[in-house]
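J.:
There are 2 protein chains.
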Amino acid sequence: MTKTADGKMGDGKTGEAPTMNDVARRAGVSAMTVSRALKEGSHVSKATRERITQAINELGYVLDQSAGSLSSRRTGFVAAIIPSINNSNFSDTARGITDALEGTGLQLLLGYTNYSVEREEELIEAMLRRRPEGIILTGGAHTPRGRRMLEQAGIPVIETWDTPADPIDKVVGFSNGAAMELLVETLAAKGYERFGYIGGTTARDTRGSQRRGGFVRALERLGLPSDRVISFGVPPISMEQGAQAVVSMLERWPDTQVALCVSDLSAFGALMECQRRGMKVPDDIAIAGFGDYEIAACCHPRMTTINVDCYGIGRQAALKLTQTIQGMATEEPERITLTDFRVVEREST
Amino acid sequence: MTKTADGKMGDGKTGEAPTMNDVARRAGVSAMTVSRALKEGSHVSKATRERITQAINELGYVLDQSAGSLSSRRTGFVAAIIPSINNSNFSDTARGITDALEGTGLQLLLGYTNYSVEREEELIEAMLRRRPEGIILTGGAHTPRGRRMLEQAGIPVIETWDTPADPIDKVVGFSNGAAMELLVETLAAKGYERFGYIGGTTARDTRGSQRRGGFVRALERLGLPSDRVISFGVPPISMEQGAQAVVSMLERWPDTQVALCVSDLSAFGALMECQRRGMKVPDDIAIAGFGDYEIAACCHPRMTTINVDCYGIGRQAALKLTQTIQGMATEEPERITLTDFRVVEREST
DNA sequence: ACCTGTGATGTTATCGCTATCATCAATAGG
DNA sequence: CCTATTGATGATAGCGATAACATCACAGGT
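Protein chains in written order, with my numbering: chain S, 3 to 351; chain C, 3 to 351.
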């Protein structure tokens, strides 16, 4: 591999990238000392450190962490897998993870599945090949092979956004079903009786089907009709699909008093569609969402929804991860952490 | 390193993770053959491959790619740095990248800066330490040190979402200023004369300030007043800030006919706020956004905006990257690719 | 002056994999 | 039947860093 004018960098130096040895030679020290100089809390004399820093700058050297992690057996990153980056609930969780990782020397490697467990399996494998020090997943539904890989990986695994019946390792989440039940109860207490539900078609979105389950359970318990369920579109369902779904719902059950939606996005679509048709919300029909996205607090009328501590889920998951990784002399963190949710009542109900 | 009961995995096997040598021993072949069996297009006999596959399954072996890439000098990933994952424009770009990478054996490592160039610099360094085979950035504004690192990295660098005056390497983007000019011209042609602009305060968001620049330029060219500019909040400005900004604007210049916003999100906030105050859009005031987010097509009234090919930016950036990486015997791809944008006229103007 | 502890550095041996070259058998071509 | 070609496999030598141990100099206590 002596080929050289191959890097094709616009300008700047040509040739192979400098290694730690190049730096060491230039600074007149051994590679080991360079390695130490690049690490916090190592004993390197001030003069030497300065020479090394200078050599690094002159050469434009950048540490090769992949080589380092092979040797130190620490890759310095954790993996997180979320359904979609294009959903602010999950990206809030990702922010929570990043923030909690700040200062731990760990970096986040993010992947997204588009709500597909098959894609999740691929991602799990791709991630594990890079030897993360821990992995955070969304939900408790995995392929059998994905699950097996996680169990055998020998790293802490955290499932989030859910309360799986049979967790792989640790969990930070809440019961989506219970949250929806609470919403139904809150609204029933206000006098609503004829509830409709708008969600996606398949069981692909496990959180979605749990929400639907909660909807049905709560109504049955209250002795109210629980059959007004519209399944529309492949999850995650969009604003536009929410709009279309509410139309179907009103055609089929014109006297529906309140439409609960699997997420704020579809709820928003429904809300706008109702206004477009000249219906008054909440007088003609009430609408509530799930997730407390930015849009729920800002639309007109402002929307009732379930607030979920998305950011906190990420933060706590990452915290639990770093605690486990660092061994935490004292004790292992709790296996299961339940996060808060609450009904946010606004003008749309 | 004989310590063993240390992995602390919930259940499953204990002990060190199996290596390729363990697999090789179990399958009765050499490690090299295992390595070949794990790679497409290598000559391994069917019988051997089966034995190896079986051994892999029995041991639960997962390839250690970080060791592999040290040896092969190919890490198999590309880095992308975006301002925010919580913004569907950029996450669409990320999707475009992922999709274009599909089947190339390259994986995406995503980082986000929260619109901070300092954070970008940190991320660039963190990424380069892992030796990506290429890197995709958002915008052309970097710290001097960040820029230097990119220039010296010896890998293809693609700046996107912008048309930097002095690109580092390759570019896939569009002129944010020109796009805003086009929007102003389109609306001026409909007869609007008193334009206002709502955006963030600082120059931190370079795309935002270019849009503002385009707004001013177009109005000056048309001989219309260009001073109705509200700067509100640190970019990226939220829906809520858009709502507050439009209030300031109407207090200061009550006869404003049309409010252009730095993004659909702030435009949406403004739109809702106007309705809350009983103003009719577009009769009392027209509103337009930028970005053509999902919300623009779905809100009521539907919003006029600039559609930008976010997904295409990602796709083309990744394509250009893989072409460069693979050498493309024939020729280097174009240095600069301009992507499309267009005005989408809807009911809000 | 002697011992000890500590800071600053170097040496050596991997980490787990793959590039490369070498080997040997089987197949094909003349 | 002999040589050239290809396929299947193995042996060896790193890739670029760091862990672990080894030195060596020097400060301080007695």
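All C-beta atoms in this analysis are idealised placements derived from N, C-alpha and C, irrespective of residue type, glycine included. All values reported here derive from a predicted model rather than from experimental measurement.
Is the Cβ of C:E296 closer than 7 Å to any Cβ of chain S?
T.: As a position in the second sequence, residue 296 of chain C is number 294, starting the count at 1. Chain S contact via Cβ: present.
J.: Please state whether DSSP places S:G215 in a helix, a strand or coil.
T.: Translated into the one-based positions of the first sequence, residue 215 of chain S becomes position 213. Residue state, collapsed to three classes: helix.
J.: According to the Cβ coordinates, are C:S68 and S:R132 closer than 7 Å?
T.: Sequence index remark: in the second sequence, residue 68 of chain C carries index 66 (1-based). Sequence index remark: in the first sequence, residue 132 of chain S carries index 130 (1-based). Against a cut-off of 7 Å, the Cβ pair of S:R132 and C:S68 comes out as a contact.
J.: Any chance you could list the beta strand (DSSP E) runs of at least 3 consecutive residues sitting entirely within the stretch 129-204 of chain C, in chain order?
T.: Qualifying beta strand (DSSP E) stretches, in chain order: 137-140, 159-162, 172-175 and 197-201.
J.: Rounded to whole angstroms, how far is the Cβ of S:L226 from the Cβ of S:E195, which I believe are closer than 8 Å?
T.: In the first sequence, the residue the question calls residue 226 of chain S occupies position 224. In the first sequence, the residue the question calls residue 195 of chain S occupies position 193. 6 Å between Cβ atoms; contact.
J.: Measuring straight from C-alpha to C-alpha, what distance separates S:V264 and C:F92?
T.: Taking the first residue of the first sequence as position 1, residue 264 of chain S is located at position 262. Taking the first residue of the second sequence as position 1, residue 92 of chain C is located at position 90. In a straight line, the C-alpha of S:V264 is about 25 Å away from that of C:F92.
J.: Can you list, in chain order, the residues of its chain with a C-beta nearer than 6 Å to that of S:Q212? Leave out the 5 residues immediately preceding and following it.
T.: Counting from one through the first sequence, the residue named residue 212 of chain S turns up at place 210. Closer than 6 Å at the Cβ level, and outside the excluded window around S:Q212, lie N178 and G179.
J.: Under 7 Å, Cβ to Cβ, is there at least one residue of chain C near S:E336?
T.: Sequence index remark: in the first sequence, residue 336 of chain S carries index 334 (1-based). No, because no Cβ of chain C sits closer than 7 Å to the Cβ of S:E336.
J.: At a CB distance below 7 Å, what residues from the stretch 73-86 of chain C approach chain S? Give them in sequence order.
T.: Taking 7 Å as the Cβ-Cβ cut-off against chain S, the residues of the stretch 73-86 of chain C that qualify are T77.
J.: Since C:V218 and C:S228 are thought to touch, with beta carbons under 8 Å apart, how far apart are those beta carbons, to the nearest angstrom?
T.: What you label residue 218 of chain C is simply residue 216 of the second sequence in a count that begins at 1. What you label residue 228 of chain C is simply residue 226 of the second sequence in a count that begins at 1. Sure, about 5 Å apart at Cβ, within 8 Å.
J.: For S:Q277 and chain C, any beta-carbon pair shorter than 7 Å?
T.: For the purposes of this step, residue 277 of chain S is taken as residue 275 along the first sequence, with counting starting at 1. Yes - at least one Cβ of chain C is within 7 Å of the one on S:Q277.
J.: Between which two residues does the beta strand (DSSP E) containing S:T339 stretch?
T.: Here residue 339 of chain S refers to the residue found at position 337 of the first sequence. First-last of the beta strand (DSSP E) with S:T339: I338 to L340.
J.: For the stretch 57-93 of chain C, list the alpha helix (DSSP H) runs that are entirely contained and at least 4 residues long, ordered along the chain.
T.: 67-74
J.: Classify S:D294: buried if its beta carbon has 16 or more other beta carbons within 10 angstroms, exposed otherwise.
T.: As a working note, residue 294 of chain S is residue 292 in the first sequence. With 16 or more other Cβ atoms from the protein chains shown falling within 10 Å of its own Cβ, S:D294 counts as buried.
J.: Might you give, ordered along the chain, the residues of its own chain that have their beta carbon closer than 6 Å to the beta carbon of C:A39, omitting 5 neighbours on each side?
T.: Counting from 1 along the second sequence, the entry for residue 39 of chain C is found at position 37. Excluding sequence neighbours, C:A39 sits near V46, R51 and I54.
J.: Go ahead and label S:V283 buried or exposed: buried means 16 or more other beta carbons lie within 10 angstroms of its beta carbon, across all protein chains shown.
T.: Against the first sequence, residue 283 of chain S aligns to sequence position 281. With 16 or more other Cβ atoms within 10 Å, it is buried.
J.: Please check the pair C:I315 and C:V174, which I expect to be a contact at CB under 8 Å, by giving their CB distance rounded to whole angstroms.
T.: To locate residue 315 of chain C, count along the second sequence from 1; it is residue 313. To locate residue 174 of chain C, count along the second sequence from 1; it is residue 172. Indeed they touch by this definition, with Cβ atoms about 5 Å apart.
J.: What residues of chain S sit near C:V236, judged by a beta carbon separation below 7 Å?
T.: Residue 236 of chain C sits at position 234 when you count from the first residue of the second sequence. The premise fails here: C:V236 is roughly 16 Å from chain S at the closest Cβ pair, so nothing lies under 7 Å.
J.: Of the choices S:G136, S:M274, S:Q243 and S:V119, whose alpha-carbon is the least far from that of S:R206?
T.: Numbered from its first residue, the first sequence carries residue 206 of chain S at position 204. Selected option, being the one with the closest Cα: S:V119.
J.: Could you name the residues that DSSP lists as bridge partners for S:G113?
T.: Taking the first residue of the first sequence as 1, we reach residue 113 of chain S at position 111. DSSP, once it has assigned bridges, lists S:I83 as partnering S:G113.
J.: Can you find a C-beta in chain C that's less than 7 Å from the C-beta of S:M274?
T.: Position 272 of the first sequence, counted from the first residue, corresponds to residue 274 of chain S. For S:M274, the answer is yes, since a Cβ of chain C falls inside 7 Å of its Cβ.
J.: Which first and last residues belong to the alpha helix (DSSP H) in which S:A319 is found?
T.: Taking the first residue of the first sequence as position 1, residue 319 of chain S is located at position 317. Unbroken alpha helix (DSSP H) run through S:A319: C312 to I327.
J.: CA-CA distance, S:K5 and S:E18?
T.: The residue given as residue 5 of chain S occupies position 3 in the first sequence. The residue given as residue 18 of chain S occupies position 16 in the first sequence. Its pLDDT being 33, under 50, S:K5 is placed unreliably by the model, and the measurement read from it follows with that caveat. Taking the straight line from one Cα to the other gives about 9 Å.
J.: For S:M34, is the classification buried or exposed, using 16 other Cβ atoms within 10 angstroms of its Cβ as the cut-off for buried?
T.: Locating residue 34 of chain S in the first sequence gives position 32, counting from the first residue. It counts as exposed.
J.: Would C:G202 and C:I157 be called neighbours here (beta carbons separated by less than 7 Å)?
T.: Residue numbering aside, residue 202 of chain C sits at position 200 when the second sequence is read from its first letter. Residue numbering aside, residue 157 of chain C sits at position 155 when the second sequence is read from its first letter. Contact flag unset, no.
J.: Quick one: is S:Q67 near chain C, going by C-beta distance under 7 Å?
T.: Position 65 of the first sequence, counted from the first residue, corresponds to residue 67 of chain S. Yes, S:Q67 lies at the interface with chain C (some Cβ there is under 7 Å from its Cβ).
J.: Using a Cβ-Cβ cut-off of 7 Å, state whether S:C263 counts as contacting chain C.
T.: Taking the first sequence and counting its residues from 1, one reaches residue 263 of chain S at position 261. So no, S:C263 is outside the interface.
J.: Just to check, is the beta-carbon of C:I315 closer than 6 Å to a non-hydrogen atom of the ligand COA?
T.: Absence of the ligand COA is noted for the structure shown, with no ligands found whatsoever.
J.: List in chain order: all unbroken beta strand (DSSP E) runs of 3+ residues lying wholly within the stretch 245-303 of chain S.
T.: 260-263 and 288-290
J.: Assuming S:V231 and S:R209 are in contact, meaning their beta carbons sit under 8 Å apart, how far apart are those beta carbons, in whole angstroms?
T.: Looking up residue 231 of chain S in the first sequence gives position 229. Looking up residue 209 of chain S in the first sequence gives position 207. No, S:V231 and S:R209 are not in contact; Cβ-Cβ is about 16 Å, not under 8 Å.
J.: Whole angstroms are fine: how far does the CA of S:E104 sit from the CA of S:L125?
T.: Within the first sequence, numbered from 1, the residue matching residue 125 of chain S stands at position 123. Within the first sequence, numbered from 1, the residue matching residue 104 of chain S stands at position 102. Cα-Cα distance, rounded: 24 Å.
J.: Return the first residue and the last residue of the beta strand (DSSP E) that S:S233 is part of.
T.: Stepping through the first sequence from its first residue, residue 233 of chain S is reached at position 231. Its beta strand (DSSP E) spans residues V231 to S233.
J.: Excluding the 5 residues flanking S:I297 on each side, which residues of the same chain have their C-beta closer than 7 Å to its C-beta?
T.: Along the first sequence, read from residue 1 onward, the residue named residue 297 of chain S stands at position 295. Cβ neighbours of S:I297 beyond the five flanking positions: D266 and F270.
J.: Can you look up S:I239 in the DSSP assignment and give me helix, strand or coil?
T.: Mapped onto the first sequence, residue 239 of chain S falls at position 237. DSSP places S:I239 in coil when its eight states are reduced to three.
J.: Under 9 Å Cβ-Cβ, which residues of chain C neighbour S:D94?
T.: The residue labelled residue 94 of chain S in the question sits at position 92 within the first sequence. Result: N88.
J.: Mapping DSSP to helix, strand and coil, what is C:V119?
T.: By one-based count along the second sequence, residue 119 of chain C stands at place 117. Three-state result, C:V119: helix.
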